[in-house]
Each structure stands twice: as structure tokens, then as C-alpha cells.
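> From first to last, the protein sequence lines are chains A and H. Everything in the first sequence is counted per numbering that gives the first Met the number 0, starting at 0 for the first residue and increasing by one. Everything in the second sequence is counted per numbering that gives the first Met the number 0, starting at 0 for the first residue and increasing by one. Glycine included, C-beta positions come from ideal geometry on N, C-alpha and C.
2 protein chains.
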Amino acid sequence: MTERKGYAGNGLVHVKNPHLDSMDEDVLYHLNLGTKTHNLTVMFGDIKFVCVGGSPNRMKAFAQLMHKELGLEGDGKDLKDICAGTDRYSMYKVGPVLSISQHGMGIPCISIMLHELIKLLHHAKCHDVTIIRISTSGGLGIDPGTVVITDIAVDSSLKARFEQVILDNIVVRSPELDKDLVEELLNCSKEIHDFPTLIRHTMRTYDFYEGQGQLGGALCSFSNEKKLAYLKRAYNAGVRNIEMESTVFAAICGLCGLKAAVVCVVCVLNRFEGDQMKAPHEVLVEYQRRPQHLISLFIKKHLGLYNQMELLDNAFFLNN
Amino acid sequence: MTERKGYAGNGLVHVKNPHLDSMDEDVLYHLNLGTKTHNLTVMFGDIKFVCVGGSPNRMKAFAQLMHKELGLEGDGKDLKDICAGTDRYSMYKVGPVLSISQHGMGIPCISIMLHELIKLLHHAKCHDVTIIRISTSGGLGIDPGTVVITDIAVDSSLKARFEQVILDNIVVRSPELDKDLVEELLNCSKEIHDFPTLIRHTMRTYDFYEGQGQLGGALCSFSNEKKLAYLKRAYNAGVRNIEMESTVFAAICGLCGLKAAVVCVVCVLNRFEGDQMKAPHEVLVEYQRRPQHLISLFIKKHLGLYNQMELLDNAFFLNN
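1) Between the stretch 40 to 72 of chain A and chain B, which residues of the former have a C-beta closer than 9 Å to a C-beta of the latter?
2) So which of A:Ser54, A:Lys15 and A:Glu272 has the shortest CA-CA distance to Ala250 (chain A)?
3) At 4 residues or longer, what runs of the alpha helix (DSSP H) sit wholly inside the stretch 11 to 66 of chain A?
4) Would the stretch 13 to 31 of chain H count as touching the stretch 64 to 78 of chain H if we require 3 or more Cβ pairs under 8 Å?
5) Go through the stretch 131 to 177 of chain H residue by residue and report every complete run of the beta strand (DSSP E) that reaches 3 residues or more, in order.
6) For Ile106 (chain H), go through chain A and note every residue whose CB falls closer than 9 Å to its CB, in chain order.
7) If I measure Cβ to Cβ from Asp25 (chain H) and keep anything under 7 Å in the same chain, skipping five residues before and after, which residues do I get?
8) Which residues in the same chain as Leu11 (chain H) place their Cβ atom closer than 8 Å to its Cβ, once the five residues preceding and following it in sequence are excluded?
9) Closer than 9 Å, CB to CB, is Leu157 (chain H) near chain A or not?
10) Go ahead and pull the three-state DSSP assignment for Arg288 (chain H).
11) Leaving out the 5 sequence neighbours to the left and right, which residues in its chain are closer than 6 Å to Arg239 (chain H) when beta-carbon positions are compared?
12) Who pairs with Cys82 (chain A) in a beta bridge, going by DSSP?
13) If we ignore side chains and look at the alpha-carbon of each, how far apart do Gly137 (chain A) and Asn269 (chain A) end up?
14) To the nearest angstrom, how far is it from the Cα of Ser100 (chain A) to the Cα of Tyr234 (chain A)?
15) Curious, which full-length alpha helix (DSSP H) runs of at least 4 residues does the stretch 226 to 286 of chain H contain?
16) Which chain H residues are close to Lys225 (chain A), counting only those with a beta carbon under 7 Å from its beta carbon?
17) DSSP has Tyr91 (chain H) in a bridge; who is on the other side?
18) Looking at Thr149 (chain A): is its Cβ nearer than 9 Å to the Cβ of Ala260 (chain A)?
19) Ordered along the chain, which non-local residues of its own chain (more than five positions away) have a Cβ less than 7 Å from that of Gln211 (chain H)?
20) Consider the Cβ of Asn16 (chain A): report whether some Cβ of chain H lies at a distance smaller than 9 Å.
21) Cα separation between Leu218 (chain H) and Leu254 (chain A)?
22) Between the stretch 44 to 62 of chain H and the stretch 89 to 108 of chain H, can you find at least three pairs of beta-carbon atoms closer than 8 Å?
23) Which residues does DSSP pair with Met112 (chain H) in a beta bridge?
24) Would Val153 (chain H) and Glu162 (chain H) be called neighbours here (beta carbons separated by less than 9 Å)?
25) Can you name the residues that DSSP bridges to Thr204 (chain H)?
26) Given a threshold of 16 other Cβ atoms within 10 Å of its Cβ, counted over all protein chains shown, does Ala62 (chain A) qualify as buried or as exposed?
27) Using a Cβ-Cβ distance cut-off of 9 Å, determine whether Met276 (chain A) contacts chain H.
28) Beta carbons nearer than 8 Å to chain A: which residues of the stretch 209 to 225 of chain H have them?
29) Of all the CB atoms in chain H, is at least one closer than 9 Å to the CB of Tyr6 (chain A)?
30) Quick one: measure Cβ to Cβ for Leu293 (chain H) and Cys187 (chain H), integer angstroms, because I've assumed they're closer than 8 Å.
31) Closer than 8 Å between beta carbons: that is the criterion. Which residues of the stretch 234 to 259 of chain H meet it against chain A?
32) State the Cα-Cα distance for the pair Tyr229 (chain H) and Cys108 (chain A), rounded to the nearest angstrom.
33) I want to verify the contact list: residues of chain A whose CB lies under 9 Å from the CB of Asp25 (chain H), in sequence order.
34) Should Ile131 (chain H) and Leu71 (chain H) be called a contact, given that it needs their Cβ atoms to be closer than 9 Å?
35) Check the Cβ of Met22 (chain A) against every Cβ in chain H and list those closer than 8 Å, keeping chain order.
36) With 16 as the cutoff for other CB atoms within 10 Å, does Ala60 (chain A) come out buried or exposed?
Laid out in C-alpha cells, this is it:
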């Protein structure tokens, strides 16, 4: 089966499903939204940037940051969770920015969310949408706190592919991210001097313990030497961080005409040095703000709301 | 690689990880617990029953139900979330019952939780622990509201196996559930006359849309006929419901010496009749209480807290 990329020149978000046209109603069940119950065009038609992340609290914090950075009225503390009717996903809209939690960890959670989010953007007739996954990740040979912009997402065999089971067949999809967007994000990072940012490969695993070579799970059948040899192979292939969603995110967004990027901070640790996460809470919280800060700067530049004079403010923001 | 089941005759919960003994501290990061920060034996040593489910609200509701059914003091409304320091998992303890949310949907979420939960039970020196996953599921040829107790969990190729990626190898694990427990649960169900309960096979898919043959995702490359043919093959193989976690749950629990069962209510719909979920909210809420009610009865019987005179109460509970 061959699948073509979704860009069609008009900037619209594409669904690739011939069945949708014949449905009289589309219930976005896990988002608690629908085409008959909500006017999606009015609610979401102006969306230009979507940020996706794992933790509901973090995505609310990002929405509040954007509220402040875009200079909107009020303190943003009472931002409404658009998906409040479900205890799965959380979603906040701040001007042209949508901040949405992927609910849990790994491919199934983000996959369900992406299917329904993309249909939402399609129904709302959004165009020229940029989507960025911001997250924490484990690091390979780089220091905690480093931000990695993914150029290529690889699977646990270090291949740039995403294997999607469709019915009982396996279809191989290309996890392509937007090259221009990657460069643009790196350029933004050069204006922030408080943390290192790199463009590198990201490895996506199916799980956190055995799949990532963690020695600390309830089950572990390999030696420390085998673990290190595996991580070394990944390092030599260009991988600098490990998470659990990048390949499916890149594959689905690419097929549907969204400009997509993955920006993760190395939060856990340098996996060559250990597996257990013992950094103080406040250090982790500061690390988690770094991708948010980078994306905030990127969005403000796109909206013409940024100038050099704000650099001092940014430094102040990071240090407080 | 061969892996043996975990039962060792002493009823203890087993970890199968030689590295754990040499760790001076075990941080159960995603649960916000640890061996140095918490006295796990005091907190959890009396646990005999663990119930796992997808939704934090539902698992809180189950804990409150158990609080009432075990006749504990107070109304249970202020039950404390033991994992409150994280916005990932939620956990409530009610006497010997632990109710824990698996955070999100699919294998990665439940796998992380199981690794840390099993280490928790191990550190707490728990023994003779029964673990039951209660959930919603899609139905195959059976009516919504039916409760399915899984005898065999199969993957999307209809094989009773769980393929675990360890480093970059695939290890095939047996998703075995406890046969005696399955029968015992069915016997319990015979005392509840308000909903049908069956023992059948359950199919575990990697995702909700393309993997389950849903026609309503952002991407769909197959016809309705192909979808129905696939579901028919599953039906003919004995599958009556579809969810996203059963094989990994059965495999990990079986390896670690936990008596495990999966009890799902068919909540979504009979997939032969459509894909979109349009049942009224209150109907879905009542369905979701059915597995909880069955497990509550099972636990009360084990604790000697149940007699025939309560049947009328049960019927009242279900109808109100």
C-alpha cells in the first residue's frame, strides 16, 4: 500500500477517509465535541498553531503562558478546558493557539487524539496549521535540560518508519517532519541563551521499561552491558533522545497536511549514566518550561509580536 | 527466550528483575512513590485486590462504591488520591482494595503502571493478590451493556500472544488469565440478574481507529466490506469484544504471580451495526457501573461480607 503526503497546495487540513462525507454527524467522542452539537468553524476556524503534550497540567500552563505572551486580557487563570466533559483529553484555546494534552503516554493515546483533532481542524476549515509536540524525553549522551528538535524519528530498530496495523495488515508509514519548521525552530532557539538546543534524531519506543532498556522495571531480562550496547548503537545512529510518540505523530500529521515538529527537553537523565529519575521537582519543572518557551517565541515571531527588545524579558522569564 | 510464569507457591508478588536488589532506592516515578520516601509495607501491605481501569473518575467512583460496600466509616467522598502529586495515574485505597487508573489508553500507559504497581506490591510484601482490569469495550455481535469476562486475550491477528519489544528484539509472551478466577467471576454474575455476562475471547488492538477497523477516523483506507469481513473473522474465532490492553495486562500479571482477570462492559456498540458512539450519557454511565458492581460482589464474597439477603439491595443499586 502506498500513501501520499497530504500537502495539496491550498494549506487545508486533509482527512484521508472517503467515508466521512457520507456521515450526517461526526462525533469526536474522546474530545467530547461533534459536528451537530458544536459549531466547529466558529469555535476553531482561526487556529494556526496546535501544541500537543502529555500532561494536562503542562498543557494548561502552556496555554496560560501563551495567554500572557499574546497580551490577551485577564490573567488566564480561568482558561476553560474545552474537553471538560470528559476526563480524558484537555484542550485550551488562546487566540490562534490550541493547547491539547494527549491524555496518556505512547502511541495509542496520541493516535486517538490526532484522528479526532485532525477531523476537528478539517470540519473547522482551518488552513496553514503548524502542529508541534512538546514533551519530556530521556537523553542519550547529552545533558538533562537540553532541548532536542527532532529531524528524524526512528523506531526501536533505528529505522525511520512507523508500522501501522490496519485491520490485520501492517502498513509502513514515513514519519516525516517538516524540514523548514525544524530549521526555523533552531533559529528561534538561538535567541534564547539560557539552554542548549540541538537538532538530532529521536527514538520512539513502544514502552518505557523493557523497550527503552530500563534496568528498573518489574521485569528485566537483560544485563547492563546489553542495555549500554543497545543505547550505544542508537547513539551512533544519531539518536540523542528517547520518547514514545514521535513516529506516529510525524506519520499521521504528514499524511494530513499539517506542518509538524517534535520538540522535547531531556528531562529524565542521560541514559548512559543511569535509569532512575531523582532530579529535584523544581529542576524538572524548569526543564519542562523550556520547550514551551521556545514554541512561545516561535509563535510570537509568526504573529509579528516579537522583537529584540524582548530578549531581556525572556531571560527574566527563564530565571524566575 | 523462554519465560516462566510467576507463581511460586508462596503467593508473593514477584518481580523478575535481578537488578532491583542492588538498588538502594526504588523511585516509582509515575506513581509519585518510592522506597525511601514512603513506608510501602505500612501503606499497602494488606492489599488483596487491585482494580485497574482507564478513567480516573471511574476508578474514584469504584473506590467510593467499595468504601460503601465494605461498610467503612464516612461517605467516602473525600477519599485521598495517593498519586495526587502527579497528574498521571490516580490511586485510591479502601481497606484491602486498591483502585488505580491506568492513566490513558493502550499498552504503553497500562504497561508503565503495571511495572510500578507490581514493584509497589513486591516492596510492600503483598501476597495472594488478585488483579482485575475493569473497562469499557467495543462489542462484536453482542448487545451494548453485556459484560464480557475474558477467557483468552488475542492480538489483532487473532493469536493469543503479546509481542514485547525488549531492546530491539521481539519476545512473544503468553497472555494467560486465571481460569479459576474467570469461573468464579461468572458464578458471581449469576447472582446479578440485571445484565448479561459472558465468558468470551477479547481482541486487543494497538489503536482505536485503523487497528479496530473504524470507518470514522481521519485516515481510513479500507471499505466497509473489508472491515466487516475482518470483524467476522474475529467473531468466528470467538472474539466478542475489542479493547486495547488485555494482552499486555495478562502477560505481565501472569509473569509476576498475580491472579488476573479482564472484565469489560460492551459500552460502545455492536461493531457489526456501526462505528459512531451516540448512546446517551446516562446509559453509558449505567453500563460503566456494571463491571464495578460485579467486582464489588466478588470482593465482598471473598471477604465474607456477602449473603443472599443482599440481592434485593443489589437490584436496588442497579436500578437507581
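Checking against the coordinates, here is how it stands:
1) No chain B is present in this structure, whose protein chains are A and H.
2) Position 251 of the first sequence holds residue 250 (chain A). Nearest option by C-alpha distance: A:Lys15.
3) 39 to 43
4) no
5) 146 to 153, 161 to 165 and 168 to 172
6) In the second sequence, residue 106 (chain H) corresponds to position 107, counting from 1. Residues of chain A passing the Cβ test: Gly105, Ile106, Pro107, Tyr205 and Asp206.
7) Here residue 25 (chain H) is taken as the residue at index 26 of the second sequence, counted from 1. Answer for Asp25 (chain H): Leu19, Gly33, Thr34, Lys118 and His122, listed in chain order.
8) The residue you call residue 11 (chain H) lines up with position 12 of the second sequence. His121, Lys124, Cys125, His126 and Gly256.
9) On the second sequence, position 158 is the one that residue 157 (chain H) refers to. Yes, contact with chain A.
10) Numbered from 1 along the second sequence, position 289 holds the residue referred to as residue 288 (chain H). Helix.
11) Taking the second sequence and counting its residues from 1, one reaches residue 239 (chain H) at position 240. Leu139, Ile141, Val147 and Arg199.
12) The residue you call residue 82 (chain A) lines up with position 83 of the first sequence. None; Cys82 (chain A) has no bridge partner.
13) To locate residue 137 (chain A), count along the first sequence from 1; it is residue 138. To locate residue 269 (chain A), count along the first sequence from 1; it is residue 270. Distance between the alpha carbons of Gly137 (chain A) and Asn269 (chain A): 7 Å.
14) Taking the first residue of the first sequence as position 1, residue 100 (chain A) is located at position 101. Taking the first residue of the first sequence as position 1, residue 234 (chain A) is located at position 235. Their Cα atoms are separated by approximately 29 Å.
15) 245 to 254
16) Mapped onto the first sequence, residue 225 (chain A) falls at position 226. The contacting residues are Leu166.
17) Working through the second sequence from its first residue, we reach residue 91 (chain H) at position 92. Tyr91 (chain H) pairs with H:Ser98.
18) Looking up residue 149 (chain A) in the first sequence gives position 150. Looking up residue 260 (chain A) in the first sequence gives position 261. Contact: yes.
19) Locating residue 211 (chain H) in the second sequence gives position 212, where the first residue counts as 1. Excluding sequence neighbours, Gln211 (chain H) sits near Gly137, Thr204 and Ile241.
20) Walking along the first sequence from the start, residue 16 (chain A) turns up at place 17. By this cut-off, Asn16 (chain A) is an interface position.
21) Position 219 of the second sequence, counting from 1, holds the residue named residue 218 (chain H). Position 255 of the first sequence, counting from 1, holds the residue named residue 254 (chain A). When rounded, the distance between both Cα atoms is 9 Å.
22) yes
23) On the second sequence, residue 112 (chain H) is found 113 positions in, with the first residue counted as 1. According to DSSP, which records beta bridges pairwise, Met112 (chain H) is partnered with nothing at all.
24) Sequence index remark: in the second sequence, residue 153 (chain H) carries index 154 (1-based). Sequence index remark: in the second sequence, residue 162 (chain H) carries index 163 (1-based). No, they are not a contact pair.
25) Along the second sequence, read from residue 1 onward, the residue named residue 204 (chain H) stands at position 205. In the DSSP output, where bridge partners are listed per residue, Thr204 (chain H) has none listed.
26) Here residue 62 (chain A) corresponds to residue number 63 of the first sequence, with the count starting at 1. Burial call: buried.
27) On the first sequence, residue 276 (chain A) is found 277 positions in, with the first residue counted as 1. Answer yes: the Cβ-Cβ gap between Met276 (chain A) and chain H drops below 9 Å somewhere.
28) Glu209, Gly210, Gly212, Leu214, Gly215, Gly216, Ala217, Leu218, Cys219, Ser220, Phe221, Asn223 and Lys225
29) Counting from one through the first sequence, the residue named residue 6 (chain A) turns up at place 7. Reliability of the predicted coordinates at Tyr6 (chain A) is poor, the pLDDT of 47 falling under 50, and the value obtained from them is presented with this limitation in mind. Chain H, which has no Cβ nearer than 9 Å to the Cβ of Tyr6 (chain A), makes this no.
30) Along the second sequence, one-based indexing puts residue 293 (chain H) at 294. Along the second sequence, one-based indexing puts residue 187 (chain H) at 188. About 6 Å; that satisfies the 8 Å criterion.
31) Met243, Ile251, Leu254 and Cys255
32) Counting from 1 along the second sequence, the entry for residue 229 (chain H) is found at position 230. Counting from 1 along the first sequence, the entry for residue 108 (chain A) is found at position 109. Straight-line Cα distance between these residues: approximately 23 Å.
33) Taking the second sequence and counting its residues from 1, one reaches residue 25 (chain H) at position 26. Result: Gly215 and Gln275.
34) Locating residue 131 (chain H) in the second sequence gives position 132, counting from the first residue. Locating residue 71 (chain H) in the second sequence gives position 72, counting from the first residue. No; because the gap between Cβ atoms is not below 9 Å, this pair is not in contact.
35) Within the first sequence, the letter at position 23 stands for residue 22 (chain A). Per Cβ cutoff of 8 Å: Gly215 and Gln275.
36) Within the first sequence, residue 60 (chain A) is the residue found at index 61, counting from 1. The residue in question, Ala60 (chain A), is buried, as its Cβ has 16 or more Cβ neighbours within 10 Å.
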